[in-house]
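Peer 1: The numbering used here runs 24 ahead of the 1-based position in the sequence shown.
From the three backbone atoms N, C-alpha and C, an ideal C-beta is built for every residue, glycine too.
All values derive from a computational prediction rather than experimental measurement.
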Amino acid sequence: MKVKSLIPFLIGGAIMWYFMLNSGVHATITGVLLAFVIPFGDGSKDSISYKLQHFLHKPVAFIILPIFALANTAIVLGSDIVATLSLHYSMGIMLGLVVGKPLGIALFSFLAVSIGLCKLPNDLNWKTIISVGFLGGIGFTMSIFVTLLAFDDQHIINNAKFIILLSSLTAGIIGFMLLKQNLKKKQ
């Protein structure tokens, strides 16, 4: 695409957002679809994608995501916390954040290095990548967002939020401990 201006994408995105909102499809899907069509070009500082990414980075990272996280983590703790841990969706969330995220990050990194897509820096080892992979399990903001899209029942949403918070905390602690141990050995 030879479009050099962001304006057509913003106009098209606003129209698509309006129709998505009124169709019953979650309007945030518009942002996902829009991301696929905004040209990246050669990745230079002149590309539309680069300019948009750098323009949105600070407001999203420091205003929108923290507000979203605070607004969506209102967790009501009931007396059935132990029972919540054994629910099938609880197990899926825990395995996804504590096992799936680190495994996915480590396997994709290994695959990328194996096929020559990238090179592992000399001062980085696989234990460090696995440790940082566990830190990837902290991402509770997107997990809560997906929960709100996936479930309608407020009781299930509340339980899922608790499990997400617990799993994120667990993954964070494991990642911190492994990283601390691994970095101590390097020194």
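Just the Cα atoms here: how many angstroms apart are Ala174 and Ile53?
Peer 2: 14 angstroms
Peer 1: Under the rule that 16 or more other beta-carbon atoms within 10 Å means buried, what is Ile91, buried or exposed?
Peer 2: It counts as exposed.
Peer 1: With the cut-off set at 8 angstroms, would you say Ile198 and Met118 are in Cβ contact?
Peer 2: no
Peer 1: Does the Cβ of Leu19 have 16 or more other Cβ atoms within 10 Å, making it buried, or fewer, making it exposed?
Peer 2: The chain is shown from 25 up to 211; residue 19 falls before or after that span and cannot be answered.
Peer 1: For the candidate residues Tyr42, Gly48, Met44 and Thr97, whose alpha-carbon lies nearest to that of Ser192?
Peer 2: Thr97
Peer 1: Secondary structure at His50, three-state DSSP: helix, strand or coil?
Peer 2: coil
Peer 1: Give the secondary structure of Phe86 by DSSP, where H, G and I count as helix, E and B as strand, and everything else as coil.
Peer 2: Collapsing the DSSP output to three states places Phe86 in a helix.
Peer 1: By how many angstroms is the C-alpha of Gly161 removed from the C-alpha of Leu144?
Peer 2: 22 angstroms
Peer 1: Using DSSP with H/G/I as helix, E/B as strand and the rest coil, what is Ala98?
Peer 2: Correct three-state label for Ala98: coil.
Peer 1: Using the Cβ count rule (16 or more neighbours within 10 Å means buried), how would you classify Lys125?
Peer 2: buried
Peer 1: Looking at the secondary structure, which residues open and close the alpha helix (DSSP H) in which Phe132 lies?
Peer 2: Lys125 to Ser138
Peer 1: Run through DSSP, which three-state label would Pro63 get?
Peer 2: coil
Peer 1: Closest to Val156 by C-alpha separation, out of Ser138, Ser133 and Phe164, would be which residue?
Peer 2: Ranked by Cα distance from Val156, the first of Ser138, Ser133 and Phe164 is Ser133.
Peer 1: Leu30 and Ile72: beta carbons closer than 8 angstroms?
Peer 2: In contact: Leu30 and Ile72 (Cβ atoms closer than 8 angstroms).
Peer 1: Do Ala195 and Phe169 count as a contact pair if the criterion is CB distance below 8 angstroms?
Peer 2: No Cβ-Cβ contact shorter than 8 angstroms links Phe169 with Ala195.
Peer 1: Do Ile181 and Tyr113 have their beta-carbon atoms positioned less than 8 angstroms apart in this structure?
Peer 2: no
Peer 1: Tell me whether Phe20 is buried or exposed, calling it buried when 16 or more other Cβ atoms sit within 10 Å of its Cβ.
Peer 2: Any answer about residue 20 is impossible in this case: the structure gives the chain only from 25 up to 211.
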